[in-house]
Amino acid sequence: MARRPTSREADKISDTLSDREARTDRSSDELGQIVEARSEQLERAEKHLEWQEKRLSHLVRESKCVLWHCSVEDVDGRLDWTPLRREEAEFHEFLPLTVLPGQDYHAAWERSVFQEDRVEMDRLADEAIRTGQSEYSQDYRCIDQSGSVRWLHEDVAIERTAEAQWTVHGIVTDITEQKNTHALRRALAEREQALEELQQSEQERSQLIEQVMTVQANERAQIARDLHDHAGQALSSLMVGLKALSQMEDVGEVRRQAEKLREATQQTYEQVRLLSFDLYPTALEHLGLVAALEQDAIRFQDQHGIAVDVHADGELDDWPQSTNDIVYQIVHAALTNIDRHARASTVSIVVRQHPGRLVVVVEDDGVGFDVQKVLSGPIEERFGLLAMQERIRPIAGTVTFESTKGQGTSLFISVPL
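Take the sequence shown: its position 164, counting from 1, is numbered 166 in the numbering used here, and each next residue is one higher.
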């Protein structure tokens, strides 16, 4: 038979149970306090998270941007994109588009993007995913519901989720205003540069006109001196000779004096003809451009000892006389420059007539020069080249130069019909 506990033992057991109950109550109170504290923390965290989400949405709206998400899967070597859409109202607010019946916003977006930009976007995305990049960015254009062109900037983040599977996140920002501002600034900068170039061109043209007037004055003075020194003196001699001839009675003496006067007259005629050719070759008007260039080539070769060949497919069609005059003067100026600067031994002049265009090429085997350096240098060093370009401007033609030091120079004249 079991022994019953004594009263002392029973009291001890009762005290132990009371202590345990007290500790249990304290633990329950402490646990309740912890749960209550954790609940309050969780509630505050939820409120803070909700506030952060609202703040993020506000920032997204204020910064004119929108977030998108897609899942991407490699299906038989082709990347298959599946949009994980948020509320389409948010996208419409950011970029209003016309959604056709039976389509969604994503299809409308694909239709709105410029085709050439879409090709580049697909290339960038494919390259980024297949090469393991974690992010990339791009700019592209699209047309909104009103028909306006919108510039968008996209920052894209890529996360690999499984074999041949990725999650892609993007944030799209409207940069139309920045692009328009940049384009306006660039246009203003180009306009200022054009104005500066125009002012410089006008200054150079003024200097060029001044130089041309000086050259023309010098040429007129030289012609006047030549007329006085050669033709004037020859005519004076003829007058004296004719007077002496009128006083002669011996027939033989008259014949000898007449022969001398004839020779003097011939020399005077040649001198006047050369002066006339310098002013304007009559062959240019009566025989055409090719014949005038051939005569000028012979005269240049006789005077300067530089061989000149003229190659042409016969005489040209009936080009305007103004065109022939200007082309002839430019070729003549080119020969003068060759004599002064090129130290050439041979020159070739090629005349070609194409449908609606006349092309003349003047080539020499002289020392050559740095074309860009001369054309960008002081006007005094490029006066001859500028004069040719200005001379051909009235007939909408062009004069260009190609040269290599030690390998000669080529001048190209092109004139439209």
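C-beta atoms are modelled at their ideal positions from N, C-alpha and C, and glycine is treated no differently. Quick caveat, the model's predicted, so the values are computed rather than measured.
In terms of residue numbering, what span does the alpha helix (DSSP H) encompassing residue i cover?
| i | result |
| --- | --- |
| F116 | Segment: none, F116 is in no alpha helix (DSSP H) and carries neither H nor E. |
| A336 | 323-339 |
| H343 | No alpha helix (DSSP H) contains H343, which DSSP labels as neither H nor E. |
| L377 | 373-377 |
| T100 | It is not in any alpha helix (DSSP H) - T100 carries neither H nor E in the DSSP assignment. |
| L419 | It is not in any alpha helix (DSSP H) - L419 carries neither H nor E in the DSSP assignment. |
| E287 | 284-288 |
Compare the Cα-Cα distances from residue i to each of the options and report the closest residue.
| i | options | result |
| --- | --- | --- |
| T267 | V256, D128, A110, G243 | G243 |
| W321 | R354, V256, M123 | R354 |
| V333 | P85, R80, V401 | V401 |
| H108 | S136, H71, Y142 | H71 |
| I340 | H306, V361, I328, P357 | H306 |
| D122 | D141, I131, R113, E199 | Looking at the sequence provided, one finds Glu at residue 122 rather than Asp. It is D141 whose Cα lies nearest to the Cα of E122. |
| I1 | A309, E365, G408 | Only positions 3 to 419 of the chain appear in this structure, which leaves residue 1 out of reach. |
| S150 | T163, E129, E165, N182 | N182 |
| S405 | V361, E382, Q374, L419 | Q374 |
| R342 | Q205, H356, A314, F302 | F302 |
| L97 | T133, C67, R28 | C67 |
| L419 | T338, V329, R345 | V329 |
| D76 | E48, Q105, T163 | T163 |
With 16 as the cutoff for other CB atoms within 10 Å, does residue i come out buried or exposed?
| i | result |
| --- | --- |
| G290 | buried |
| L286 | buried |
| S21 | Residue identity check: residue 21 is Asp in the sequence provided, not Ser. So D21 ends up on the exposed side. |
| D311 | exposed |
| R395 | exposed |
| L377 | exposed |
| E161 | exposed |
| V174 | buried |
| M390 | buried |
| S136 | exposed |
| L186 | exposed |
| P283 | buried |
| N326 | buried |
| I36 | exposed |
| I300 | exposed |
| V253 | exposed |
| G172 | buried |
| D298 | buried |
| V170 | buried |
| R188 | exposed |
| R40 | exposed |
| G410 | buried |
| A336 | buried |
| A166 | exposed |
| L154 | buried |
| A47 | exposed |
Per the DSSP calculation, residue i is bridged to which residue(s)?
| i | result |
| --- | --- |
| T84 | S73 |
| A159 | E137, H171 |
| V310 | V349 |
| V68 | V174 |
| A409 | Reading off the sequence, residue 409 comes out as Gln, not Ala. The partner list for Q409 (beta bridge, DSSP) is empty, contrary to what the question assumes. |
| H1 | Only positions 3 to 419 of the chain appear in the structure, and residue 1 is not among them; the question remains open. |
| K48 | The sequence given here has Glu at residue 48, not Lys. Answer by DSSP bridge pairing: none, since E48 is not bridged. |
| A164 | Q167 |
| T402 | F414 |
| W153 | R143 |
For the beta strand (DSSP E) containing residue i, name the first residue and the last one.
| i | result |
| --- | --- |
| A294 | First-last for A294: 291-306, but that is the alpha helix (DSSP H), not the beta strand (DSSP E). |
| E392 | Element bounds for E392: not the beta strand (DSSP E) but the alpha helix (DSSP H), 385-394. |
| V363 | 359-366 |
What distance in whole Å lies between the Cβ atoms of residue j and residue i, which are believed to be in contact at a cut-off of 8 angstroms?
| i | j | result |
| --- | --- | --- |
| R359 | V292 | Their Cβ separation, rounded to whole angstroms, is 16 angstroms, which puts R359 and V292 out of contact at 8 angstroms. |
| S347 | D372 | S347 to D372, Cβ: 22 angstroms. No contact. |
| V363 | S412 | 6 angstroms |
| G1 | V369 | Any answer about residue 1 is impossible in this case: the structure gives the chain only from 3 up to 419. |
| I131 | W168 | 6 angstroms |
| D157 | S139 | 5 angstroms |
| A1 | L99 | Beyond the ends of the chain as shown, which are 3 and 419, falls residue 1; an answer cannot be given. |
| L81 | D119 | About 18 angstroms separates the two Cβ atoms, so there is no contact after all. |
So that I know if they touch, is there some Cβ in chain D lying closer than 8 angstroms to that of residue i?
| i | result |
| --- | --- |
| V361 | No chain D appears in the structure shown, which is made up of a single protein chain. |
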